[in-house]
Amino acid sequence: MLRMLKNSRRSTLYSTMAAFAVLVAGLAASLAASQVEAQTRMACAERASLMDHLSKNYNEKPNALGLDARGNMVELFNSSNGTWTIVVTIPGGPTCILASGQNWMQQERSAKRDVEERSS
Numbered sequence: 020m021l022r023m024l025k026n027s028r029r030s031t032l033y034s035t036m037a038a039f040a041v042l043v044a045g046l047a048a049s050l051a052a053s054q055v056e057a058q059t060r061m062a063c064a065e066r067a068s069l070m071d072h073l074s075k076n077y078n079e080k081p082n083a084l085g086l087d088a089r090g091n092m093v094e095l096f097n098s099s100n101g102t103w104t105i106v107v108t109i110p111g112g113p114t115c116i117l118a119s120g121q122n123w124m125q126q127e128r129s130a131k132r133d134v135e136e137r138s139s
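Here's what the structure looks like:
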């Protein structure tokens, strides 16, 4: 009788663990699918074409650029009327819009402040 009780508890434990594993796998698959969906909705194009579009339609010009941790080029485009766009260019791949908006304000920086920040 004791052996049957232990086997019953073990069976319940295994069933609970299996259900939890299925739940975790389903959650992981759901998160992966939503990330893929978000990436497929991202506006991407050849870099020259996207730059031309930003210039002609929004009067945006390149303002700043840098490299992210993966070696992708990240650029900021903005216009004198306050519109802005941040894009990323994947080496050998497309250029994609990461964010865009309005009311961009350029912060003036002094050369002295730049030197002080770099030396600290």
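Numbering (the numbering used here), first residue to last: 20 to 139.
The beta-carbon is built from N, C-alpha and C at its ideal position, and this holds for glycine as well.
Burial state of residue i, where buried means 16 or more other Cβ atoms lie within 10 Å
| i | result |
| --- | --- |
| N122 | exposed |
| N97 | buried |
| E165 | Nothing in the structure corresponds to residue 165, since the chain is present only between 20 and 139. |
| M124 | exposed |
| M61 | exposed |
| L117 | exposed |
| L7 | Absent from the structure is residue 7, since the part of the chain shown begins at 20 and ends at 139. |
| L86 | exposed |
Assumed close pair residue i, residue j - CB separation to whole angstroms, cut-off 8 Å
| i | j | result |
| --- | --- | --- |
| T108 | S119 | That belief does not hold up - the Cβ atoms of T108 and S119 are roughly 16 Å apart, past 8 Å. |
| N82 | N100 | Contact flag wrong, Cβ pair sits at about 14 Å. |
| T114 | C63 | 7 Å |
For residue i, the three-state DSSP class (helix, strand or coil)
| i | result |
| --- | --- |
| A64 | strand |
| N122 | coil |
| E94 | strand |
| N82 | strand |
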